[in-house]
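Novice: So the sequence shown is numbered by our numbering: it starts at 40 and just counts up by one. Quick reminder that beta carbons are idealized off the backbone N, C-alpha and C, glycines included. Quick caveat: nothing in here was measured; it's all calculated off a predicted structure. Quick one: structure below, then a few questions.
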Amino acid sequence: MWPLGAHRNGQGALVVGGVDVRDAARDFGTPLFLLDEADFRARAAAFRVAYDPGRTDIYYAAKAFLCTTIARWAVEEGLGIDVASGGELAVAVAAGVPGERLLLHGNNKSRGEIRRALESGVGRIVVDAPAEVDRIAEVARDMGVRASVLVRVTVGVEAHTHEFIATAHEDQKFGLSLASGAAYDVILRIAGMDVLDFRGLHSHIGSQIFDAAGFEVAAMRLVGLMGELHAEGIEVAELNLGGGMGIAYVSDDDPLEAGAMAKAIESIVDEACARAHLPVPRLAFEPGRAIVGPSAITVYEVGTVKPVELDHGHQRVYVSVDGGMSDNIRTALYDADYTVTLASRVSTAAPMLCRVVGKHCESGDVVVRDAWLPGDLREGDLLAVAATGAYCRSMASQYNYLPRPAVVAARDGNCTVMLRRETEEDLLALDPGAAV
């Protein structure tokens with residue numbers, strides 16, 4: 040769950056990417072996202088080599104975490120970029136990502152976003168609703184171009200994940216139902232339109248998935264739809280099975296590694312197509328968390344340490360840090376579990392049951408719900424929370440007007456700022472009354 044090569048030095052301090060967290064905290068402040076560049080690149084490359092490039096495309100899911108540096112790294116490692124908004128598209132374009140390496144998602148793409156995507160030469164637009172068919176066609180016709188599209192299909196599979204991030208069941212906002220025939224009807228419409236080029240199917244069954252079982256059911260159902268379309272003379276050239284591959288947040292988590300997952304899924308698709316007597320389509324996947332999640336840690340400084348008496352003589356110690364739900368909402372939102380350690384030194388003190396909490400005006404402002412930390416923990420110590428590269432900085436807020444933390448890349452003992460820390464001036468920049 041820690042970045043590859045993370046270790047403690049002779050002074051007992053945690054080292055990531057060759058950088059002592061104490062030095063990083065001193066130079067860039069806390070909270071701080073410290074991201075190991077070599078780790079990110081290694082995980083991106085692992086996905087690229089796990090799948091046959093002659094039959095598979097890998098898109099990095101920008102929603103996990105995006106900045107121009109990350110986009111460039113992903114492309115340099117042979118990946119495309121999956122964006123889900125005009126803002127994410129703008130970052131990718133600013134990073135110089137070629138349009139054909141981009142794929143645009145979104146359940147409510149505006150005409151402006153569609154136009155920007157087509158102007159940028161985006162390789163694929165994923166159709167998420169019947170209304171989007173007309174919207175994309177209208178913009179494409181006005182621009183005199185032909186838009187290549189995939190159709191997102193909800194296949195009725197719920198992956199083993201939190202209900203708020205399971206996305207393939209029927210009662211939710213994404214995609215077109217397979218069971219009701221909505222996906223089939225939309226594909227027939229697209230096939231009859233000269234300004235839209237139907238390329239294939241898209242499915243996403245959830246997040247934090249540890250094995251290939253959910254992908255197997257989804258692939259089987261999608262191949263069934265491919266058979267129905269084949270009978271109508273419509274071929275499915277591409278099958279995008281989305282992302283959702285999980286990572287370890289705590290020691291009990293045991294996700295399947297990229298190579299094993301690749302072999303399992305490719306075999307599933309090959310066998311399903313063989314049974315249906317259909318040509319095997321080109322595959323695509325969209326890992327995000329599985330690449331960037333373990334690559335980064337969050338470094339906090341300890342402030343107030345407060346023991347609280349519980350029932351039956353037990354005690355819990357509330358350890359307040361200088362960040363919280365503004366830089367990691369996942370514990371409050373998903374009841375997510377994390378691993379935390381004392382990062383600035385080692386201690387031989389007996390462990391105490393702790394709850395690591397933030398400094399926000401919310402009782403639900405919890406970073407790590409239950410943790411055992413040294414009994415001599417004190418103000419000024421540094422804590423490190425593992426596997427915070429995905430959906431932490433990207434979902435960060437300015438709640439209580441806390442500036443969002445910096446993101447710093449570490450490699451071979453050197454640091455590079457990827458996103459600078461916000462300042463109070465940044466917080467006031469959008470407020471016209473601040474200058475009065």
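Helix, strand or coil for Val60? Go by DSSP, reduced to three states.
Specialist: Here Val60 sits in helix by DSSP.
Novice: Which residues in the same chain as Asn367 place their Cβ atom closer than 7 Å to its Cβ, once the five residues preceding and following it in sequence are excluded?
Specialist: Thr337, Val406, Thr427 and Cys431, listed in sequence order.
Novice: Counting only runs that start and end within the region 41-89, where is the alpha helix (DSSP H) found for 4 or more residues in a row?
Specialist: Within the region 41-89, the complete alpha helix (DSSP H) runs of at least 4 residues are 60-67 and 76-89.
Novice: Leaving aside the five residues before and after Arg140 along the sequence, list all residues of the same chain whose C-beta is less than 7 Å from its C-beta, in chain order.
Specialist: Excluding residues within five positions, the ones whose Cβ falls inside 7 Å are Val114, Gly119, Ile120 and Gly162.
Novice: For the putative contact between Ser187 and Asp224, defined by C-beta atoms under 8 Å, what is the C-beta separation to the nearest angstrom?
Specialist: Their Cβ separation, rounded to whole angstroms, is 20 Å, which puts Ser187 and Asp224 out of contact at 8 Å.
Novice: When DSSP builds the beta bridges, which residues end up paired with Cys454?
Specialist: Ala449.
Novice: Output the distance between the C-alpha atoms of Ala251 and Val379, rounded to the nearest integer angstrom.
Specialist: When rounded, the distance between both Cα atoms is 29 Å.
Novice: Buried or exposed for Ser402, please, with buried defined as at least 16 other CB atoms from any protein chain shown within 10 angstroms of its CB.
Specialist: Exposed, by the Cβ-count rule.
Novice: Quick one: is His241 buried, meaning 16 or more other Cβ sit within 10 Å of its Cβ, or exposed?
Specialist: Answer is buried; the Cβ neighbour count reaches 16.
Novice: Compare the beta carbon distance of His144 and Ala168 with 8 Å and say whether it is the shorter of the two.
Specialist: No, Cβ-Cβ distance for His144 and Ala168 is not below 8 Å.
Novice: Whole angstroms is fine: what's the gap from Arg238's alpha carbon to Ala371's?
Specialist: When rounded, the distance between both Cα atoms is 39 Å.
Novice: Thr380 by DSSP, collapsed to three states: which one?
Specialist: In the structure shown, Thr380 sits in a strand (DSSP, three-state: E or B).
Novice: If you drop the 5 nearest sequence neighbours on each side, which residues of the same chain put their C-beta closer than 7 Å to that of Val275?
Specialist: Here the set comprises Gly239, Leu240, Met265, Leu268 and Pro320.
Novice: According to DSSP, what are the bridge partners of Lys345?
Specialist: Lys345 is bridged to Tyr357.
Novice: Between the region 180-196 and the region 153-161, do three or more beta carbon pairs fall short of 8 Å?
Specialist: Output reads yes: the region 153-161 touches the region 180-196.
Novice: Would Gly195 pass as a contact of Ala222 if the rule is Cβ separation under 8 Å?
Specialist: Against a cut-off of 8 Å, the Cβ pair of Ala222 and Gly195 comes out as no contact.
Novice: Thinking C-beta only, is Gly332 closer than 8 Å to Pro444?
Specialist: In this structure, Gly332 does not lie closer than 8 Å to Pro444 by Cβ.
Novice: Count the other C-beta atoms from every protein chain shown that fall within 10 angstroms of the C-beta of Asn147, then say buried if there are 16 or more, exposed otherwise.
Specialist: So Asn147 ends up on the exposed side.
Novice: If you follow the alpha helix (DSSP H) that Thr107 is part of, which residue opens it and which one closes it?
Specialist: That run of the alpha helix (DSSP H) goes Thr107 to Glu115.
Novice: Can you pull the DSSP bridge partners for Asp96?
Specialist: In DSSP, Asp96 forms a bridge with Ala323.
Novice: Give me whichever residues DSSP pairs with Thr193 in a beta bridge.
Specialist: DSSP lists Ser216 as partners of Thr193.
Novice: Which of helix, strand or coil does DSSP assign to Asn147?
Specialist: Of the three classes helix, strand and coil, the one that applies to Asn147 here is coil, per DSSP.
Novice: How about Val347 and Arg355: are their beta carbons less than 8 Å apart?
Specialist: Contact: yes.
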